[in-house]
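>
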Amino acid sequence: MMDKKYSPWAILILVTVVLAFVPSMGDRYLLFIAYFLVLNVAFAQSWNLVGGYTGLISLGHAAFFGIGAYAAAISIITFELPVIAGFIIGGLASTAFAFLISFPTFRFKGIYFAIGTLVLAEALRIWMINWEYIGGAQGMQFPIGIGFRLTGYFYIMLGLAVGSTALLMYILRSKLGVGLRAIRDNEDGAQNLGVDIFRTKLTALMISAFIAGLVGAVHAGRLGAIEPYSIFGAAWTIGVVNIVIIGGMGTIFGPIVGAIFVTLLTEAMADFSGIHLIIEGVILILVIRFMPYGLWGFVLKMLRRIPLFGGTRA
Amino acid sequence: MSFYTVSAGALNGLMLGGLYACMALGLSMVFGVMRFVNVAHGELLVLAAFLSFVFSTAFGLHPFIVVLILIPILFVFGYVVQRVLINPLMSAGLEPSLLTAFGLSIIAQNLFVEIWGGNTKSLNNNFSEMNVTLLGIDVPMLYVISFFVGIIVTLGVHLFITRTYTGRAIRAATQDAATAMVMGINVNRIYAITAAIGAATAALGGTLIGMTFSFTPTTGFPWLLKGFVVVVLGGMGNIFGTLAGGLLLGLSEGIGAAFVGTGYRDMVGFVIFLLVLMFRPNGLFGLKGSE
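Protein sequence lines correspond, in order, to chains X and P.
Counting from 13, one number per residue, gives the positions in the first sequence under the working numbering.
Counting from 12, one number per residue, gives the positions in the second sequence under the working numbering.
1) Using beta carbons (cut-off 7 Å, strictly below), is Ile118/P in contact with chain X?
2) In angstroms with no decimal places, state the Cα-to-Cα distance between Tyr305/X and Ile295/X.
3) Could you name the residues of the same chain whose beta carbon sits closer than 6 Å to that of Ile300/X, not counting the 5 residues immediately before and after it, in chain order?
4) Is it buried or exposed, Arg325/X, if we count other Cβ atoms within 10 angstroms and call 16 or more buried?
5) Select from the region 125–144 of chain X all residues with a C-beta closer than 8 Å to any C-beta belonging to chain P, and list them in chain order.
6) With Leu68/X as the anchor, note down where its beta strand (DSSP E) starts and where it stops.
7) Considering only C-alpha positions, which residue in the set Thr28/X, Arg40/X, Ala22/X and Val50/X is nearest to Ala271/X?
8) Who are Met152/X's beta bridge partners in DSSP?
9) If you drop the 5 nearest sequence neighbours on each side, which residues of the same chain put their C-beta closer than 8 Å to that of Thr68/P?
10) Please state if the CB of Gly80/X and the CB of Ala229/X are separated by a distance shorter than 7 Å.
11) Report the three-state DSSP secondary structure of Met13/X (helix, strand or coil).
12) Just verifying my parser: in three-state terms, what is the DSSP assignment at Asn142/P?
13) So, under 8 Å CB-CB, Ala46/X and Val34/X are touching, yes? Tell me the CB distance rounded to an integer number of Å.
14) Within 7 Å of any Cβ in chain X, is that where the Cβ of Val124/P sits?
15) In chain X, which residues lie with their C-beta within 8 Å of the C-beta of Asn121/P?
16) Compare the beta carbon distance of Thr223/P and Leu153/P with 7 Å and say whether it is the shorter of the two.
17) Going by Cα to Cα distance, which pick from Leu288/P, Phe296/P and Val282/P is closest to Trp139/X?
18) Tell me the DSSP secondary structure of Phe76/X in three-state form.
19) Tell me whether Ser58/X is buried or exposed, calling it buried when 16 or more other Cβ atoms sit within 10 Å of its Cβ.
20) According to DSSP, simplified to helix, strand and coil, what is Leu283/P?
21) Please check the pair Ala135/X and Glu239/X, which I expect to be a contact at CB under 8 Å, by giving their CB distance rounded to whole angstroms.
22) Would you say Val243/P and Val279/P are within 7 Å of each other, going by their C-beta atoms?
23) Anyone know if the C-beta pair for Ile118/P and Gly72/X falls short of 7 Å?
24) Suppose contacts are defined by Cβ-Cβ distances below 7 Å. Is Gly20/P in contact with Ala255/P by that definition?
25) So which of Thr212/P, Asn142/P, Thr177/P and Ile163/P has the shortest CA-CA distance to Val198/P?
26) Quick check on DSSP: helix, strand or coil for Pro151/P?
27) Taking three-plus beta-carbon pairs below 8 Å as touching, is the region 219–227 of chain X in contact with the region 189–203 of chain X?
28) Please list the residues of the region 63–75 of chain X that have a C-beta atom closer than 9 Å to any C-beta atom in chain P, keeping them in chain order.
29) May I have the straight-line CA-CA distance separating Glu125/P from Met181/X, to the nearest angstrom?
30) Check whether the region 184–201 of chain P and the region 72–79 of chain P touch, using three or more Cβ-Cβ pairs below 8 Å as the test.
31) Shorter than 7 Å from the beta carbon of Ile297/X to some beta carbon of chain P?
32) Is the Cβ-Cβ distance between Val143/P and Thr212/P less than 7 Å?
33) Restricting to Cα atoms, I'd like to know which of Leu235/P, Leu56/P and Asn121/P is closest to Leu132/X.
34) Taking Cβ positions, are Gly216/P and Leu25/P nearer each other than 7 Å?
35) Could you tell me which chain P residues have their CB closer than 9 Å to the CB of Val174/X, listed as they occur along the chain?
36) Given this structure, state the Cα-to-Cα distance separating Thr107/X from Ala184/P, to the nearest angstrom.
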């Protein structure tokens with residue numbers, strides 16, 4: 013680590029500054045794409061923390077996102093709380109859900125985590141569709157004039173994207189980060205070395221859920237109206253898994269690279285959504301097979317062959 | 012709600028449980044033998060249903076005749092996919108194979124839409140209108156057929172695993188792949204055969220699903236979830252456990268729906284799933300520490 017010749021923080025700051033100028037370019041369509049890009053980055057970092065660094069493959073991340081969205085909507089619409097307070101409650105509600113599901117899903121070394129999150133997310137979606145208090149299948153609508161403009165939502169989401177990336181960088185250097193990766197690489201070994209497996213996994217999942225819940229909450233505000241089919245839809249989970257794996261799971265900048273790749277691919281193929289997902293699936297399978305650390309990992313591997321960049325790993 | 016409603020729900024559910032066992036068997040096998048969580052199993056079922064639809068409309072054949080052609084087709088398909096896509100990832104741990112299956116499921120769902128469109132389909136057959144009266148309760152003929160197919164398939168797979176040389180090799184590879192390899196067993200081939208058998212049972216499961224219910228390109232996902240409930244209930248990889256899990260899920264759904272209404276029928280399975288995960292993580296019949 014000592015001989016690294018570039019700073020991950022410098023890259024992060026550079027990317028942030030570039031993105032921060034997008035609204036001033038005055039192109040609303042471009043701003044829209046940029047909004048989805050930063051949303052994808054923030055959501056992907058949330059998945060990366062559990063899927064990439066802890067070895068807990070979440071196949072129900074849409075649930076964390078959806079709970080954040082609904083908790084924010086209920087706080088803001090039903091209880092008339094300030095918008096920002098609603099967003100934070102969204103994140104906290106999602107964190108609470110993570111706490112609840114940890115007991116059944118942390119069994120069997122992560123196998124049940126993938127299956128459990130998949131099943132529980134769907135159970136939750138069916139529940140939300142039938143729950144009339146929150147609008148059932150119709151969903152909920154924000155009052156007119158509540159919330160921010162697109163530019164405002166873009167900056168909030170950019171803040172979440174940068175904040176979650178920075179948080180992951182900080183966590184990885186902490187004791188928690190060492191524990192996470194120890195569990196991922198060898199759970200029995202980590203236990204023997206005194207890592208509190210349950211507690212470490214729980215902390216990671218709750219942080220991940222908090223980020224996902226915030227992203228869902230902010231996106232709900234940006235949409236102005238939410239309904240359970242799309243907000244809890246499996247498409248969110250599919251999207252985030254594709255982004256992190258294609259970009260590079262278990263790397264800091266992989267999710268950013270993946271989000272850029274997937275967001276641009278989605279835009280380029282907006283008229284062929286079926287074929288676009290087939291292509292994404294094929295790329296996903298190829299990346300898993302041939303680039304275990306994704307596109308970003310591949311780039312780093314290539315860079316390492318150039319002496320100037322020798323010995324880097326982010 | 013009368014005693015009749017509950018007992019009718021119970022009997023109907025129990026019979027339908029045979030279908031649940033049959034469609035979940037492949038999922039359970041590939042997990043039990045090689046720790047592969049095949050999240051594309053639902054798409055395998057739907058693929059069988061679509062192929063059956065194509066063959067039965069093109070040649071005017073009954074789905075139960077078509078399934079005899081489908082079983083070898085899916086057997087080969089399962090074998091090839093396992094060998095080409097999944098086997099090379101087996102040494103890299105649990106995640107890569109699971110995520111590859113995840114990718115396959117995305118590809119399959121969208122391919123189905125591109126090829127066959129998003130409309131709801133079902134396999135026409137002369138059994139779908141028939142009822143059988145058992146113990147004074149009307150049960151759809153297809154539920155009764157499913158019940159027996161579930162039992163026969165389970166017994167068939169059990170006999171294959173216990174009585175043949177290949178079956179013994181599968182059990183050896185399950186217990187200790189490295190040692191099995193040293194003993195001269197081609198573990199990669201054994202894994203592919205296991206996946207092939209799993210896919211072949213999915214041919215039957217998918218046909219039964221298409222005949223009893225309807226299907227669309229995205230139907231695979233709810234069936235996958237039901238499959239996981241069955242497998243977790245019966246203990247992952249336990250063949251008779253899968254049969255018991257299927258029957259038990261059918262039974263509890265039938266009874267549960269009589270109490271809480273059919274709208275929450277699927278919730279019954281999810282609640283059971285959660286309870287088993289919390290209190291009996293090795294399945295109802297599993298031994299402690301069998302992981």
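We treat Cβ as the ideally placed atom computed from N, Cα and C, and that holds for glycine.
If we stick to the structure as given:
1) yes
2) 13 Å
3) none
4) In this prediction, Arg325/X has a pLDDT of 49, which is less than 50 and means its spatial position is unreliable; what the coordinates show is noted afterwards. By the 10 Å Cβ count, Arg325/X comes out exposed.
5) Ala126, Ile127, Gly128, Leu130, Val131, Leu132, Glu134, Ala135, Ile138, Trp139 and Asn142
6) Unbroken run through Leu68/X: none, as it is neither H nor E.
7) Val50/X
8) Ile238/X
9) none
10) yes
11) Reliability fails at Met13/X, whose pLDDT of 42 lies under 50, so the model's placement of it is uncertain and the value that follows must be treated cautiously. The answer is coil: DSSP assigns Met13/X none of H, G, I, E or B.
12) strand
13) 4 Å
14) yes
15) Gly286, Ile287, Leu289, Ile290 and Gly293
16) yes
17) Val282/P
18) helix
19) buried
20) It should be pointed out that residue 283/P corresponds to Ile in this sequence rather than to Leu. Looking at Ile283/P - three-state DSSP - the assignment turns out to be helix.
21) With a Cβ gap of about 18 Å, Ala135/X and Glu239/X do not count as contacting.
22) no
23) no
24) no
25) Thr177/P
26) strand
27) no
28) Gly63, Gly67, Ile69 and Leu71
29) 42 Å
30) no
31) yes
32) no
33) Leu235/P
34) no
35) What Val174/X touches in chain P: nothing, since even the nearest Cβ is about 27 Å away.
36) 41 Å
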